[in-house]
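Okay, structure first, notes after.
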Amino acid sequence: MTRPAKTKAIMPAEEAKDTTHEVISSYFIGPRAENLPQFRENITTILDELQLARKNYFEQDENDFTFIPPFIQTSPSFLASAARTKTAVQQTARLLGQHSIPFWSPRYQAHMCTDLSMPALLGYFMTMLYNPNNVAIEASPLSTVAEIEVGEQLCELFGFEEQDKAWGHVTCDGTVANIEALWVARNLKYYPLSVRKAMDDEDGPLRFISEEFKVRTCEGRSKLLKEMSLWEMMNMRVKTVLDIPGLLREQFGITPEWLEEAMAEYNVQTVGKEALNRHFGVGEGMDGQFFVPSTKHYSWPKAAALVGLGSDNAVSVGVDHDARVDLDKLEKLLEERFARQQPVYSVVAVIGSTEEGAVDPLEKILAMRQRFQARGMSFMVHADAAWGGYFATMLPREGQDDADRDGGDDGLVPDLSLRVETQQSLFALRYCDSITVDPHKAGYIPYPAGALTYRDGRIKNLVTWTSPYLSRGAVTSIGIYGVEGRQLSALWAALSTPRDSFVCTPFNALPSESSSDPREVEREKQRIREEILNKSNTEIIAQDSITINQADKTITLLRALGSDLNINAFALNWRHPDGCLNTDVEEANYLMERVVSRLSVDHPDDNPSSIPLYLTSTEFEYKDYGDCATNFKRRLGLDTSTPHEKLMVLRNVVMSPLATMDGDHGRFINMLGETFRELVEKEVKVCQARNDDSPDYHSFWIRGRGTAKTVYLSYRPMFHLAKHRKQIILEAEFASEEGQRAYSLLEGNTGDDEIILKTSDKIDLDSLLSSRTSSTTLVGNLSTSSNGTILPRTPLTILSILKNRPLNTSSHDDTYPSGFCPFYLYGLPSHTSSPSETPHQLYIDHILTKSPNIFLSSPIELTLDNEQPIPFSTAVTKGAILALEGIHEAALQPFPADHPLPANFFFNPGREFKVSIWGDDRAPDASARGLLTEIKKTEPIARGKLVLKEDVGGMVVDVERINRDPWKETEEQKVSLWRERFGKVGKEIDKGVSTSGGKGEAATNGVVADGNEVRVCPNCGE
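Pasting the structure below:
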């Protein structure tokens, strides 16, 4: 790769008034540690203040007590221990620097990690030194107040209108915040039932108000609580439920303290929802549910389990082509629950999905709730804004239309890069009941730090056991990275051209893709290259300021690129050497797996500092993404006939605000693009090689008794090479007496030795079989697995093709067989008219329905339950289908490729099985996809029992070669190497500590404990 010439960062005159970048630059240590002096100075200030605080506490102790006197500090033991600590710190810091991922660099765009803000790091370090516990204000007066302030600031950020009512607190992460939000939704739903039971019980503490206490139904009618139906009680609006304690105080003078004590034995947290369900007659299968988009974070099913709802009641809602929740599907699900009067706890809107950066249309979800409330059904609306919440900092507080604003003297307008729909959803956060946000994501705060806010703070009283975790402090939010995210999405959108050996397709379609003319797409890509990738932010804004038509403005195009936030999902596909696009989903996935492996620390020998760009990946599964995934495959040029195949998707997370601050008009981003292009081009060559169908050597296991004229050739398949990606069974006969004689001599000598025919020359096997005639001959070296070649260039005439089935992924079944293990049954020559005509040996070959897999083949002894008619013989001559009943293949998959099979493995000589047999009506070269499902719906043509035998050619078990990828290490090998490397790291630290010397002095032959340099041991080189 040709590196761009190194130039000084320049500041054009038109950029001079953009002070935003200047301010942001002061927040970070910097990719090259540019601001480390300021950081070190602040650390020193913190330590100075720590020293002052300790010395100022009871100053008289200075004279009265000496807790660590000088004679201790100069003792040999003290000095030795201090030296060991110093050496361990030096060693550990060095190893962390060597082995840690450089997330601080703009080149790192994989996970939701980036350089942390200096205020956050300093606050974390400062607070850590004082170790506060925010459970009680007396243990941490200042930091407790700080946490309260953080909660208030977050409420203000989201626009909660009544600040005195809203409430928020810090949690350890977004998962805990989501769990608490669902906990609250459950308790809110059951609180009216608890109050009602406290009124209904004969000695209930609230029985005295049962004839007078009225509340409003969901539709707004005032009604006695005791007369409300179960449906009405479980569908009160949030405000109505939270008003109940206040109404009891107003109408009956009941104090909150007494009410809390009285309700303790009726609360759902005490008695559990099952007890309340039984009391009020909630029918089986009518438990409450909550709805969450299929792009949900994994914490939601976990939350459902932890709060006692059961993960089955976390109902996934499908998404549209942009990975936003499908509103029609959501409304349909709500209508179904409304019709059968099944309560809904909440609907979750994802504000920034972690895989695609999609923002659900929150304002439309809230409008949908209003429509249902008018009909008597209510539920909470929770925004999971763990990722997207901080993007609310990009909105004008007053809600002013951004079209009327420029950057003024403070710099760029951050919300210019947000889609209008995204702005609307972020603005609608103020109307949610609860919101999760993660400061340790887009807040640039160290892990772990999550937060949960409530529009109505009274809701916290429903979870009285909550103790907020330690505060991590507030942070100044940075709005400018929205523009950076758009420019990176522009890079992926315009990266590939028709001349490239690959296509790079962004998940969010380009505006021009609505046209059926591919030339329009290419023209738009060229515009992106010219007007976005080679321009600075200020130049884009400056050019747009003199462009009259809004549709022609670059910012209009920029807004349409990428996701709703700053996560860019995209996928790759590759071209064959003739320029045609690959259509196999698994082969496109293979390319992306290799690219991600090159752009991440995938192996212990990888040097994190040598990886030029960090990306990560995810998977689009049909069960989660439905037609959204199918549509994306279609845009990539992939086959969509098997929609359940997973699609791998690459993603970059643009968190660094420094990616476009080079001042050299897109030089850094373009350099990343060229780096990525060169890497992909190299990996495309691997994909082309593994899918090359040029002539090659091919191997077959030979099946058949040495005295028989007819033999069978069972092909040795490999999933990872296209020219070997097939399952073949051929009927053949030796075309020479020499070959027949050599084979017959092997029968008594081989035992379980495999007899193999490997083609003597490279051949185009597909062409040979497709053009077969009665005289087509296969020439190969007759050999055994233990003795090598027995007879070279042995000719065999191909009599018939029993099976020639493709094993590419479009021919795979979606799942492994369940309840049985399928095999092809063969061994009766095509001229046989009856199974009793000649005592032929029968064979079975495992049917390969899916990858990875295991190849199994064996001679068998077959006993049928009843005398079978001629169709059985006909089926076997063509290759019948045999099922070993009771062998649950799905439960055994995948078989380990590099470990010995267990001693009790089912496929061993002498094992006996019950079997069912069907004919195979598909053509020999037809795909086997769905075949087993079809035949299992029909009656078998025969049943019986089978015994596995050892005969000439032996039993074949291949789990390694069939799954071997010549270009890839196995995951087990990687894990083993990682464990070895991790152990080595620990030994390096121990070695450094042990050689630091005793009696307070560093050893001269080890890593020194003083100074800034680390010396290398001359003995071991460590």
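The sequence shown begins at 16 in my numbering and counts up one residue at a time.
Idealized CB from N, CA, C, for every residue including glycine.
Remember, predicted model here, so these are calculated numbers, not experimental data.
Inter-residue spacing [alpha-carbon to alpha-carbon] between residue i and residue j
{"i": "R649", "j": "T655", "result": "7 Å"}
{"i": "V210", "j": "R944", "result": "58 Å"}
{"i": "Y139", "j": "P909", "result": "46 Å"}
{"i": "T34", "j": "A557", "result": "15 Å"}
{"i": "S530", "j": "E289", "result": "56 Å"}
{"i": "G497", "j": "S866", "result": "Legend: pLDDT at G497 = 38, less than 50; position of this residue unreliable, value from coordinates given subsequently. Cα-Cα distance, rounded: 42 Å."}
{"i": "G959", "j": "L760", "result": "33 Å"}
{"i": "L345", "j": "K700", "result": "44 Å"}
{"i": "T159", "j": "G183", "result": "13 Å"}
{"i": "Y605", "j": "A723", "result": "44 Å"}
{"i": "L348", "j": "P837", "result": "39 Å"}
{"i": "L817", "j": "I744", "result": "5 Å"}
{"i": "N1", "j": "D639", "result": "Limits of the chain in this structure are 16 at one end and 1037 at the other, which puts residue 1 out of reach."}
{"i": "L665", "j": "S612", "result": "11 Å"}
{"i": "A135", "j": "M663", "result": "35 Å"}
{"i": "A466", "j": "Y145", "result": "22 Å"}
{"i": "G925", "j": "L961", "result": "9 Å"}
{"i": "L381", "j": "Y446", "result": "8 Å"}
{"i": "I977", "j": "I902", "result": "21 Å"}
{"i": "F835", "j": "A750", "result": "39 Å"}
{"i": "P271", "j": "P454", "result": "34 Å"}
{"i": "I950", "j": "P376", "result": "46 Å"}
{"i": "N819", "j": "E636", "result": "30 Å"}
CB contact flag (residue i, residue j, <9 Å)
{"i": "I717", "j": "I770", "result": "yes"}
{"i": "W396", "j": "D448", "result": "Position check: residue 396 holds Val in this sequence, whereas Trp was assumed. Closer than 9 Å, so yes."}
{"i": "A464", "j": "C187", "result": "yes"}
{"i": "T451", "j": "A407", "result": "no"}
{"i": "V972", "j": "F922", "result": "yes"}
{"i": "S825", "j": "D593", "result": "no"}
{"i": "Y360", "j": "Q284", "result": "no"}
{"i": "D779", "j": "H336", "result": "no"}
{"i": "F228", "j": "K241", "result": "yes"}
{"i": "N476", "j": "P260", "result": "yes"}
{"i": "L897", "j": "I859", "result": "yes"}
{"i": "S632", "j": "G372", "result": "no"}
{"i": "M301", "j": "L342", "result": "no"}
{"i": "L321", "j": "I194", "result": "yes"}
{"i": "G894", "j": "L963", "result": "no"}
{"i": "L1039", "j": "G174", "result": "No answer is possible for residue 1039: it lies beyond the span of the chain, which begins at 16 and ends at 1037."}
{"i": "H739", "j": "H713", "result": "yes"}
{"i": "V191", "j": "V165", "result": "no"}
{"i": "S527", "j": "R538", "result": "yes"}
{"i": "E634", "j": "F517", "result": "no"}
{"i": "T657", "j": "D829", "result": "yes"}
{"i": "G235", "j": "S314", "result": "no"}
{"i": "V478", "j": "W198", "result": "yes"}
{"i": "F353", "j": "F387", "result": "yes"}
Whole-angstrom C-beta distance between residue j and residue i, which should lie under 8 Å
{"i": "A938", "j": "S833", "result": "A938 to S833, Cβ: 26 Å. No contact."}
{"i": "I116", "j": "P874", "result": "Not a contact, Cβ separation roughly 54 Å."}
{"i": "S782", "j": "N796", "result": "Contact doesn't hold; Cβ gap of about 21 Å is too wide."}
{"i": "A644", "j": "Y469", "result": "Rounded, the Cβ-Cβ distance is 35 Å, inconsistent with contact."}
{"i": "T892", "j": "L843", "result": "5 Å"}
{"i": "M248", "j": "P220", "result": "So it is not a contact: roughly 18 Å between Cβ atoms."}
Decide yes or no for the touch test of the segment 807 to 821 against the segment 776 to 792: beta carbon pairs closer than 8 Å, at least 3 of them.
yes
Are the segment 565 to 584 and the segment 430 to 441 in contact at 8 Å, needing three or more beta carbon pairs?
yes
Take every Cβ of the segment 691 to 701, pair it with every Cβ of the segment 507 to 525, and state whether three or more of those distances are shorter than 8 Å.
yes
Any chance you could list the alpha helix (DSSP H) runs of at least 4 consecutive residues sitting entirely within the segment 858 to 897, in chain order?
885 to 893
Length-filtered (3 minimum) beta strand (DSSP E) runs lying within the segment 218 to 296
229 to 231, 237 to 239
The segment 656 to 671 / the segment 106 to 126 touching (three or more Cβ pairs under 8 Å):
yes
Three Cβ pairs or more, each shorter than 8 Å: is that satisfied between the segment 726 to 734 and the segment 704 to 718?
yes
Please confirm if the segment 235 to 254 is in contact with the segment 201 to 210, defined as three or more CB-CB distances below 8 Å between the two stretches.
yes
Which runs of the beta strand (DSSP E) fall wholly inside the segment 575 to 633 and span at least 3 residues, in chain order?
582 to 589
Of all the beta strand (DSSP E) runs that stay within the bounds of the segment 744 to 829, which reach a length of 3 or more residues?
770 to 774, 792 to 799, 803 to 821
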